[in-house]
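Asker: Pasting a structure below so you can have a look.
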Amino acid sequence: MKKTELHLHLEGAAPPDFIRAIAAEKHTDLSGVFDERGHYAYDDFAGFLQVYEAATSVLKTPQDYARLLAEVLERSAEEGVIYTELFVSPEFCGGADLSAWRDYLAAMTEVADKMRGHGIESRGIVTAIRHFGPERARKSAICAAETAGDWITGFGMGGAEQVGKATDFAWSFDCAREAGLGLTCHAGEWGGPDSVREALALGCTRIGHGVRAIEDEALLRDLVDRDILLEICPGSNVALGLYPDWESHPIARLADAGLRFCVSTDDPPFFHTSMRNEYDRLASAFGWGDEVFRKINQWAVESAFCDNATQERLR
Ligand code: ADE
Ligand code: ZN
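Written out as structure tokens, the structure reads:
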């Protein structure tokens, strides 16, 4: 089945072998990042964020990001993905300095253009990192606004949801909206229903994860009424311990409540997952067949941060 993925972190999609190879080229020590099997090593979400940032720290040039994007898009295409949106953080691309960001973006755009010829279309979502704080987010928002419209079509925020409130970042989201970018924010993953409400107050049309909305019926109705799409990453939620197993994941109950959602992998090598694995595990856990997955892909296309002509081609 042809798949659309809307929630994939470029840095979080870096395979361990890729990071090890770049670290070796740069003679960088990455002790603590990998376990004895060579997998990313972490015990909980805080540890995940630390290892994620340590692994990402070896990516130091536009060329490193271009190589990473090529690798990630190739793997996605092998999974049957024909359209993907990638979260990219200018913070990691030269410290959210606009001039450096333009160089990183030019290198990534060249790869994205080339990969279109290999059957995979992509867009970038500039992503602020919540635990770096609102001031640093402003710099990312300026990078996003100044480069909006070609490959960059969205603005979002990931990172530690327990830190501060999403609304502390209102200036950045306003700046991105005024530049015509689509808005999404991680919420309702580690935070509860109120955290999702804060993301809605920012004007987001999509919520990253959002699964904890299941804890509040009034919020569920509000999400349905506003036609919000949840970017659900079940394998990520299970791997990070938010739910003990696939059968306990609320995705089927969210579907029953009338929510629109897409299925994505978040940071696939960290969670030992892939788009095929997500579909297979959902099919086993909930008895979902092609009909359901076709609907999910249709919702994803409707809420993709791309122009109508591209959406038409994906339908
Ligand atoms: N950044 C990468 N993956 C993330 C996740 N699952 N939650 C918050 N921030 C992230
Ligand atoms: Zn995410």
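Residues in the sequence shown are numbered consecutively from 1, following the UniProt record's numbering. Heads up, the beta-carbon is just placed ideally off N, CA and C, and yes, glycines get one too. All values derive from a computational prediction rather than experimental measurement.
(1) Between H131 and the ligand ZN, is the CB less than 7 Å from at least one heavy atom?
(2) Using a Cβ-Cβ cutoff of less than 8 Å, which residues in the same chain neighbour N237 once the five nearest sequence positions on both sides are dropped?
(3) Which runs of the alpha helix (DSSP H) fall wholly inside the stretch 38-112 and span at least 4 residues, in chain order?
(4) Count the other CB atoms within 10 Å of the CB of W101; is the residue buried (16 or more) or exposed (fewer)?
(5) Which first and last residues belong to the beta strand (DSSP E) in which S231 is found?
(6) For L10, collect the residues of the same chain with a Cβ closer than 7 Å to its Cβ; drop the 5 residues on either side in sequence, then sort them by chain order.
(7) Tell me where the beta strand (DSSP E) around T184 begins and ends.
(8) Since D266 sits in a beta bridge, which residues does DSSP pair it with?
(9) The beta strand (DSSP E) that contains E121, what's its start and end?
(10) Cβ of D267 within 7 Å of any heavy atom in the ligand ADE?
(11) From this set, L200, G235 and C233, which residue's C-alpha is nearest L219's C-alpha?
(12) If I follow the unbroken alpha helix (DSSP H) through T153, where does it start and stop?
(13) Less than 8 Å between the C-beta atoms of L8 and T265, yes or no?
(14) Could you give the residue range of the beta strand (DSSP E) that holds R206?
(15) Per DSSP, R261 is paired with what?
Answerer: Considering the structure as presented:
(1) no
(2) E189, H209, V211, Y243 and H249
(3) 45-56 and 62-78
(4) buried
(5) Contrary to the premise, residue 231 reads as Glu rather than Ser in this sequence. That run of the beta strand (DSSP E) goes L229 to I232.
(6) L68, L69, V72, L86, F87 and V88
(7) G182 to A187
(8) L8
(9) E121 to I129
(10) yes
(11) L200
(12) First-last for T153: I152 to G158, but that is the beta strand (DSSP E), not the alpha helix (DSSP H).
(13) yes
(14) R206 to H209
(15) Rather than Arg, the amino acid found at residue 261 in this sequence is Phe. Paired residues: L230.
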